[in-house]
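Read the structure below first, then the notes.
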Amino acid sequence: MLPPRTPRPSLNGTISADIAVIGAGFAGLSAARRLSQLDPKLKVVIVEAGEIAEGATGRNSGFIIDLPHEVSSEDYSGSDGDERRHDIKVHRLAIALARELATEKGWGKDIFDACGKYNVAMGPQGDKHVVSYAKQLEKIREEYCLLDAKEIASVTGTNSFTSAIYTPGTVIIQPAAYIRGLADSFGDLVKLFENTPALSFERQGTSWRIKTPNGVINAGKIILANNGQAQSFGLFRGVLLHVYTYASMTEAFTPARLGGHRSWAATPAFPMGTTVRRVPGEAGDRILIRSRYTYNPGMQVSDGAIARAGRIHDRKFEARFPMLKGVQMQYRWAGAMALTWNGVPAFGEIEPGIFAAIACNGVGATKATASGIAAAEAALGVDSWLVDVFRGFAAPKRLPPQPFLTIGATANLSVKEWSAGLE
Ligand SMILES: Cc1cc2nc3c(=O)[nH]c(=O)nc-3n(C[C@H](O)[C@H](O)[C@H](O)COP(=O)(O)OP(=O)(O)OC[C@H]3O[C@@H](n4cnc5c(N)ncnc54)[C@H](O)[C@@H]3O)c2cc1C
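When the letters of the sequence shown are read in order and numbered with the numbering used here, they come out as residues -5 to 417.
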């Protein structure tokens, strides 16, 4: 939907850097920004295998969420309330980076909108979750507002939602525009090479030698921010779960066909349910539907898998927006996420001079951003509360061996999706 962009040239030849960042998603670009803030003289190189915004970072639903996603979690406001508040502080730090960038760039609401989000229910089960979430938020003194069916209909223009809870802290971004802007925000000392996959790296004396198809980078340190693909270097084997999620977006429709507000964003009452956004534009408005998770250890999905998810999206769309009958989906896509069994990031100095910011467990806009910032601070030896938080996470738990892993992961996702039901 954005105008075309000319990618930065790929790397040809040999260069040197103080720090090389591998991967230009939320994690890698946030790390590079933090590095250049901490030491503007530092020579930083970023290599990106593809082009900016073509990966999951540019193709997500655009929710930078401050409050934990798992609204049904029983322990949310239990005895570990303080720990949860710590999570929220980390999330808000990621939001602060996005806000700082938005101010710097003078972005309008089409790219960065601090509008909060709705958590919507589509039936009695969802309604119960909405109420229980409100109680949990109350206990930790977070702001919220409950909406009945009529009130949420006046926002969304549809009678399909039975209740909702609004929380004001989430920021909604146009992810591709955001990440392009972040990539363009660096001074001359940060060099970005696109279409430049890091193929391997090896120690050479006190530094590291990274090979790319047509070049070499000699770097003092490396920040590994290529998410699940870190496994291609033989790292984190047996701990990363490669899960894909899917989205479809409609063609533009005449705004008058759907009442309510022209811009809103809603996550489902059950975490494994369907995310919906209404996105206004000059040519008309669009609906984005994000739903369906699959386990893909080979880190690829087929066209057939996207088509199957697309049929599910069509049903979800029809159930929510009967008044938009005949509006077709224009775009469909899938994107990779790296999860760990115990939900922790793969973070830290994994070898002398190699810092990982991997596995954001599906909420990368927030968590990968924060882990990139933390990796940058750790690489420069900065002691911060953020680094302490990330260092305090347990190690990622080892996954069961195959074929039990595939059977277990697939069954688990199916059961969770099934229990999300209508939501
Ligand atoms: C449809 C969809 C909707 C989503 N919605 C949301 C949402 O609303 N909110 C949210 O928080 N999260 C959402 N997510 C998840 C989020 O997009 C990811 O968690 C996030 O992109 C992870 O960021 P990352 O920087 O860790 O990794 P990635 O975005 O995967 O970036 C890693 C980068 O590394 C590059 N790379 C890989 N290997 C190499 C190599 N060898 N050399 C150089 N570069 C390499 C890749 O090309 C890629 O650009 C969604 C995901 C999808 C697919």
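Here a beta-carbon is modelled for each residue, glycine too, at the ideal position from N, C-alpha and C.
Burial state of E371 is buried, judged by a 10 Å Cβ sphere holding 16 or more other Cβ atoms. Contact check for Q168 against G347 fails: the beta carbons are separated by 8 Å or more.
Contact between R271 and A259 holds, with the beta-carbon distance rounding to 5 Å and staying under 8 Å. From the listed residues R286, G329, R53 and G254, the smallest Cα separation to R309 is found for R286. Residue range W258 to P262 is occupied by the beta strand (DSSP E) that includes P262. Per DSSP, the continuous beta strand (DSSP E) segment holding S201 begins and ends at S201 to T206.
T161 and E136 do touch by the CB rule: their CB atoms are close to 7 Å apart, below 8 Å. Judged by beta-carbon spacing, G298 lies beyond the 8 Å limit of S242, meaning their Cβ atoms are not closer than that value. Distances taken from the Cβ of M243 to the heavy atoms of ligand 1 include none shorter than 7 Å. The beta-carbon distance between R174 and R53, rounded to whole angstroms, is 12 Å. This is too long to meet the 8 Å contact definition.
Inclusion of F227 and Y172 in the CB contact set at 8 Å is not warranted, their separation being larger than that value.
With distances taken between CA atoms, R392 lies nearest to L229 out of C139, V383 and L229. Contact between the stretch 376 to 385 and the stretch 36 to 52 is absent: fewer than three C-beta pairs spanning the two stretches fall below 8 Å. At a threshold of 7 Å, Q225 does not count as near ligand 1, since its beta carbon sits no closer than that to any of the ligand's heavy atoms. The closest CA to that of A250, considering only L318, P265, N220 and F311, is found on L318.
In the three-state scheme derived from DSSP, where H, G and I count as helix and E and B as strand, T152 is classed as coil. For A313, the closest of P390, E98 and G117 by C-alpha to C-alpha distance is G117. Linking A405 to I211 through their CA atoms gives a straight-line distance of about 43 Å.
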